[in-house]
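There are 2 protein chains.
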Amino acid sequence: MRVVHPFVAMARKARPELPRKRRTAEEARTAILDSAEKLLAAEGPAGIRLQEVAADAGMSHPTILHHFGSREGLVEAVVARALESLHAQLLDAVRSSPQGTDQLTALLDGCYEALSSRGHGRTFLWLALSGYAPMMEELRVRALAEAVHVVRTEKRRGKKAQPTFEDTYFTVLLPALALLALSVTPPQNAEEAGAEKRFRAWLARMVHAHLEKG
Amino acid sequence: MRVVHPFVAMARKARPELPRKRRTAEEARTAILDSAEKLLAAEGPAGIRLQEVAADAGMSHPTILHHFGSREGLVEAVVARALESLHAQLLDAVRSSPQGTDQLTALLDGCYEALSSRGHGRTFLWLALSGYAPMMEELRVRALAEAVHVVRTEKRRGKKAQPTFEDTYFTVLLPALALLALSVTPPQNAEEAGAEKRFRAWLARMVHAHLEKG
DNA sequence: CCGCTCACTGACAATGATGTAGATAGTTCT
DNA sequence: AGAACTATCTACATCATTGTCAGTGAGCGG
Numbered sequence: 001m002r003v004v005h006p007f008v009a010m011a012r013k014a015r016p017e018l019p020r021k022r023r024t025a026e027e028a029r030t031a032i033l034d035s036a037e038k039l040l041a042a043e044g045p046a047g048i049r050l051q052e053v054a055a056d057a058g059m060s061h062p063t064i065l066h067h068f069g070s071r072e073g074l075v076e077a078v079v080a081r082a083l084e085s086l087h088a089q090l091l092d093a094v095r096s097s098p099q100g101t102d103q104l105t106a107l108l109d110g111c112y113e114a115l116s117s118r119g120h121g122r123t124f125l126w127l128a129l130s131g132y133a134p135m136m137e138e139l140r141v142r143a144l145a146e147a148v149h150v151v152r153t154e155k156r157r158g159k160k161a162q163p164t165f166e167d168t169y170f171t172v173l174l175p176a177l178a179l180l181a182l183s184v185t186p187p188q189n190a191e192e193a194g195a196e197k198r199f200r201a202w203l204a205r206m207v208h209a210h211l212e213k214g
Numbered sequence: 001m002r003v004v005h006p007f008v009a010m011a012r013k014a015r016p017e018l019p020r021k022r023r024t025a026e027e028a029r030t031a032i033l034d035s036a037e038k039l040l041a042a043e044g045p046a047g048i049r050l051q052e053v054a055a056d057a058g059m060s061h062p063t064i065l066h067h068f069g070s071r072e073g074l075v076e077a078v079v080a081r082a083l084e085s086l087h088a089q090l091l092d093a094v095r096s097s098p099q100g101t102d103q104l105t106a107l108l109d110g111c112y113e114a115l116s117s118r119g120h121g122r123t124f125l126w127l128a129l130s131g132y133a134p135m136m137e138e139l140r141v142r143a144l145a146e147a148v149h150v151v152r153t154e155k156r157r158g159k160k161a162q163p164t165f166e167d168t169y170f171t172v173l174l175p176a177l178a179l180l181a182l183s184v185t186p187p188q189n190a191e192e193a194g195a196e197k198r199f200r201a202w203l204a205r206m207v208h209a210h211l212e213k214g
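Read top to bottom, the protein sequences are chains A and B. Numbering-wise, our numbering puts 103 at position 103 of the first sequence, and it's gapless, one number per residue. Numbering-wise, our numbering puts 204 at position 204 of the second sequence, and it's gapless, one number per residue.
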């Protein structure tokens with residue numbers, strides 16, 4: 001039934017770049033996930049092919065199946081890790097600077113960085129389109145808006161017109177959607193990058209003005 | 001070399017639902033494109049499979065190859081037709097109402113309708129992510145912003161502070177990006193639909209206020 | 001009625017992707 | 001050193017998808 005390979009040694013010699021490396025299971029998993037994540041951001045979940053991931057990670061594709069059970073297992077793992085990483089980066093960006101126009105610009109810059117630097121914004125949109133991630137819930141805009149709303153109402157304690165929560169929610173949602181869409185195609189040159197930066201500053205002024213005036 | 005099929009007639013009888021239909025070439029092409037466009041909006045360009053398109057259009061997959069030459073040919077045709085249709089619908093929406101807050105709300109509603117009704121927004125994002133369509137150019141935001149800027153400067157003739165074109169551009173770009181991102185996941189129920197409608201009205205007020213004040 | 005055109009079909013080839021099986025070779029523990 | 005463990009490999013099986021081919025039949029002009 002099984003044809004035993006005759007010339008293993010020869011094949012080995014023919015491709016001297018195959019010194020079977022042995023990593024720890026953890027190292028192997030992260031190497032695989034790193035390679036898969038690149039493909040995920042570039043081509044979406046459908047673009048994750050075992051052979052290609054394996055080639056990029058410097059191993060053969062059955063090794064991936066050994067570590068993740070199946071292609072679906074790999075996809076789930078890389079999706080989970082990417083979303084986790086995105087949320088962590090966004091949280092970092094939000095935690096640093098809460099008040100003032102300049103800080104708001106910095107905040108938007110930070111969020112945009114989180115979305116575009118490692119292709120997480122692209123990944124997120126791929127997932128939303130593919131139905132992997134429930135768009136709005138995953139972006140956790142609501143939670144962020146709640147935090148902002150607390151600060152906002154705090155600041156205008158005593159004023160007569162208190163803003164509604166929905167107003168605050170929309171005010172947070174708007175830049176979130178815009179930055180997400182922008183991150184699909186990162187700027188190709190310095191000029192585009194400059195324009196996008198000015199856009200974020202402009203957007204920050206707009207949002208800030210709206211939050212202040214109520 | 002070739003095994004001649006022995007029981008064609010029997011096979012025909014076995015599946016009586018196969019009366020070979022003959023359409024005109026035009027009818028066939030549009031039927032195929034209609035089916036392919038559904039798949040394109042749902043799963044992106046990578047989701048266009050000849051067998052599936054053929055099944056949906058009620059024919060065998062070689063017929064598609066007969067009409068479009070190759071899968072790539074089909075994809076190009078359906079992409080071209082979808083973008084054409086999206087631009088036509090957006091143009092329609094923009095042409096109807098140029099001034100005032102209420103009309104601006106209607107305009108945004110119209111644009112959102114164009115993006116979400118037939119999944120054109122999803123299609124567009126699939127294409128942008130896949131690298132088929134150059135995001136910003138394809139949305140033709142610049143051309144729209146130029147038209148808006150003419151009207152805007154016209155209205156404030158004589159005033160001292162004229163808004164820059166970039167300000168107008170950003171003011172058009174912002175709702176464009178937001179609506180596009182929103183169209184990825186159309187509302188699942190009446191409540192979500194209502195919230196999105198209120199968001200568009202809120203956005204229209206914001207944009208209108210900015211355009212008026214300068 | 002005849003014959004041509006071409007939309008259409010089933011069968012098959014070719015390619016590429018996932019998954020399986022058994023052997024091989026680092027690592028670590030005793 | 002020897003044994004156990006397991007990360008890794010090659011080879012193969014299986015399936016889905018695109019594309020080719022030769023033939024079929026509906027409609028139309030003579």
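Yeah, the Cβ is synthetic: ideal placement off N, Cα and C, and Gly gets one too.
Give a yes or no on whether 8 Å exceeds the smallest Cβ distance from B/Val-172 to chain A. no
Could you please give the first and the last residue of the uninterrupted alpha helix (DSSP H) stretch that includes B/Gly-215? In this structure chain B extends from 1 to 214, so residue 215 of chain B is not present and cannot be described.
Coarse secondary structure for B/Gly-47, derived from DSSP in three states: helix
Chain A contacts from the stretch 33–54 of chain B (Cβ-Cβ distance under 7 Å): Gly-44, Ala-46
Applying a beta-carbon distance threshold of less than 8 Å, which residues of chain B neighbour A/Arg-122? Leu-129
What is the rounded straight-line gap between the Cα of B/Thr-171 and the Cα of A/Pro-134? 28 Å
Does A/Gly-121 pass the burial test, meaning 16 or more other C-beta atoms within 10 Å, or should it be called exposed? buried
Give the single residue among B/Glu-37, B/Val-207, B/Ala-31 whose Cα lies nearest to the Cα of B/Arg-118. B/Glu-37
Buried or exposed for B/Leu-211, please, with buried defined as at least 16 other CB atoms from any protein chain shown within 10 angstroms of its CB. buried
Residues near B/Leu-108 in its chain [Cβ-Cβ closer than 7 Å; skip 5 each side]: Pro-175, Leu-179, Arg-200, Leu-203, Ala-204
Interface residues of chain B facing A/Leu-86 [CB-CB closer than 7 Å]: Correct list: empty, because the minimum Cβ distance to chain B is about 15 Å.
If I'm right that A/Ile-48 touches A/Leu-74 with Cβ under 8 Å, what's the distance once you round it to whole angstroms? 7 Å
Spatial neighbours of A/Val-78 within its chain, please: CB distance less than 8 Å, with the 5 preceding and 5 following residues excluded, ordered by chain position. Leu-33, Ala-36, Glu-37, Leu-40, Ile-48
Through-space distance from A/Pro-62 to B/Asn-189, alpha-carbon basis: 44 Å
Could you please tell me which residues of the stretch 198–213 of chain A, in chain order, have their CB closer than 8 Å to any CB of chain B? Arg-198, Phe-199, Trp-202, Leu-203, Met-206, His-210
Could you give the DSSP three-state label for A/Pro-134: helix, strand or coil? coil
Within 10 Å of its beta-carbon, does B/Ser-96 have 16 or more other beta-carbons around it, so buried, or fewer, so exposed? exposed
Flag B/Met-135 as yes if its beta-carbon sits less than 8 Å from any beta-carbon of chain A, otherwise no. yes
Would you mind telling me which residues of chain A sit closer than 9 Å to B/Leu-115, beta carbon to beta carbon, in chain order? None at all; the shortest Cβ gap to chain A is about 12 Å.
Just the C-alpha distance for A/Arg-198 and A/Thr-105, rounded to the nearest angstrom, thanks. 10 Å
Helix, strand or coil at A/Arg-95 [DSSP, three-state]: helix
Within a Cβ cutoff of 8 Å, which residues of the same chain sit near B/Glu-138, ignoring the five residues on either side of it in sequence? Leu-83, Phe-124, Leu-127, Ala-128
Cβ of B/Ala-145 within 8 Å of Cβ of B/Tyr-112? no
Proximal residues to A/Ala-57 (C-beta, below 7 Å), its chain only, five neighbours per side dropped: Ala-31, Ile-32, Ser-35
Collapsed DSSP secondary structure at A/Ala-204 in the structure displayed: helix
8 Å contact criterion, which B/Ser-70 and B/Leu-115 should meet: CB distance rounded: Not quite, the Cβ-Cβ distance comes to about 30 Å (not below 8 Å), so this is no contact.
Measuring only the C-alpha atoms, how far is A/Gln-51 from A/Ala-80? 21 Å
Leaving aside the five residues before and after B/Pro-45 along the sequence, list all residues of the same chain whose C-beta is less than 8 Å from its C-beta, in chain order. Val-75, Val-79, Trp-126, Leu-127, Ser-130, Tyr-132
Residue of A/Glu-27, A/His-87, A/Ala-55, A/Ala-42 minimising C-alpha distance to A/Val-67: Strictly speaking, residue 67 of chain A in this sequence is His, with Val absent from that position. It is A/Glu-27.
Which word fits A/Arg-152, buried or exposed, when buried means at least 16 other C-beta atoms lie within 10 angstroms of its C-beta? buried
Specify, as a first and last residue, the run of the alpha helix (DSSP H) that B/Ala-176 falls within. 165–182
Have a look at A/Ala-181 and B/Lys-21 and give me their C-alpha separation to the nearest angstrom. 44 Å
Cβ separation of A/Leu-173 and A/Val-141, assumed to be a contact under 8 Å, to the nearest whole Å: 5 Å
Quick check: the Cα distance between B/Val-150 and B/Ala-143, rounded to an integer number of angstroms? 11 Å
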